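Numbering (the UniProt record's numbering), first residue to last: 1 to 112. Note that beta-carbon positions come from the ideal geometry of N, C-alpha and C, so glycine has one too. Note that the coordinates shown come from a computational prediction; the quantities given were computed from them, not determined experimentally. Presented below is the structure to which this report refers.
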């Protein structure tokens, strides 16, 4: 459950259920991060390994690596949207039921 959000975060709000991706973040500046292969970043942080993870009672995460769990979706089903869902959203494709413009600055990414 989201307790607080930082300035400028619009994807989540306090009270939302959220799932956290194992891939926490890359540096955002290296060739891997800039080419959409951030999982290969040499400075990668992984939830539950180098930073607190989803099995912790509470953790602080970057909003880009948390996925809002839709109302009515049980937690077991929601666990599958975290990694693959986040990558799909960051690819600019949105979720299958969403339509609209795609940000041209987003690069396709492979899940995992």
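Alpha helix (DSSP H) containing residue i: first to last residue?
| i | result |
| --- | --- |
| residue 75 | 75-78 |
| residue 37 | First-last for residue 37: undefined, no H or E at that position. |
Please identify the residue among the options whose C-alpha is closest to the C-alpha of residue i.
| i | options | result |
| --- | --- | --- |
| residue 55 | 27, 11, 12, 79 | 79 |
| residue 71 | 59, 3, 16, 5 | 16 |
| residue 24 | 35, 43, 6 | 43 |
| residue 48 | 59, 39, 41, 11 | 59 |
Determine the direct distance from the alpha carbon of residue j to that of residue i, and round the result to whole angstroms.
| i | j | result |
| --- | --- | --- |
| residue 21 | residue 8 | 20 Å |
| residue 13 | residue 66 | 11 Å |
| residue 68 | residue 30 | 28 Å |
| residue 2 | residue 27 | 24 Å |
| residue 11 | residue 61 | 13 Å |
| residue 96 | residue 38 | Bear in mind that a pLDDT of 45 at residue 96, under 50, signals an unreliable position, so the number given afterwards is only what the model happens to contain. Cα to Cα, residue 96 sits roughly 24 Å from residue 38. |
| residue 35 | residue 41 | 10 Å |
| residue 51 | residue 64 | 15 Å |
Apply the 10 Å Cβ neighbour rule to residue i and answer buried if 16 or more other Cβ atoms are within range, or exposed otherwise.
| i | result |
| --- | --- |
| residue 33 | buried |
| residue 57 | exposed |
| residue 76 | exposed |
| residue 19 | buried |
Residue range of the beta strand (DSSP E) that residue i falls in?
| i | result |
| --- | --- |
| residue 25 | 23-25 |
| residue 19 | 18-20 |
| residue 66 | 66-68 |
Counting only beta-carbon separations shorter than 9 Å, does residue i have a partner in chain D?
| i | result |
| --- | --- |
| residue 16 | Among the protein chains of the structure shown there is no chain D, as only one such chain exists. |
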